[in-house]
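Note that the sequence shown covers residues 433 to 556 in the numbering used here.
Where a beta carbon is used, it is the ideal one built from N, C-alpha and C, also for glycine.
Have a look at the structure below before the remarks.
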Amino acid sequence: KDNYGQTLLFGAAKNGHKAVIQLLLEKGVDIEAKHNYSRTLLFGAAKNGHKAVVQLLLEKGADIKAKDNFGQTPLFGAAKNGHKAVIQLLLKKGANIKAKDNIGQTPLFKAAVNSHKAVVQLLL
């Protein structure tokens, strides 16, 4: 683990290494493992725009509604960084478009303050 509590699996998820993730999941690693901020693998992959990894994790049963210490779901990470294709996938799989974090912000708010016009249009 690094100083943030991230393991090899977290690094693979946030960097889009689907084959590594698949291998580690087959070896029995915890798909719902969380790092120091309680972010999951799915959050890391969504935040960094790795649609194929997001798809794999969802197929393997990752919790789309898991919240981090800030009350944010993977949809927040994808919206903040403007990853439209990932957002579309998350919404198709049941992500809550109206979710609010611990301070009342929504994925739409995150997209808007970060100037992601296409994502704002998608979330409206």
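Nearest-angstrom Cα separation, counted from residue j out to residue i
i    : j    : result
Q537 : H482 : 23 Å
K450 : V485 : 5 Å
L456 : Q553 : 37 Å
G476 : K446 : 5 Å
V452 : A444 : 7 Å
F541 : S547 : 10 Å
I496 : A543 : 19 Å
P539 : L490 : 19 Å
T505 : K549 : 20 Å
K492 : T472 : 13 Å
K524 : A494 : 15 Å
A531 : H515 : 17 Å
K459 : I529 : 33 Å
Beta-carbon spacing of residue i, residue j below 8 Å
i    : j    : result
L507 : A527 : yes
L522 : A498 : no
A511 : V551 : yes
G503 : N534 : yes
Y469 : N501 : yes
L431 : A465 : Nothing about residue 431 can be reported from this structure: the residues present for the chain run from 433 to 556 only.
Q520 : L488 : no
With 16 other Cβ atoms within 10 Å as the buried cut-off, status of residue i
i    : result
G509 : buried
D462 : exposed
A517 : exposed
Residue i - DSSP class collapsed to helix/strand/coil
i    : result
K499 : coil
Q537 : coil
L441 : helix
Q504 : coil
L554 : helix
I529 : coil
Please give me, in chain order, every unbroken run of the alpha helix (DSSP H) with length at least 4 that falls completely inside the region 446-501.
450-458, 473-479 and 483-491
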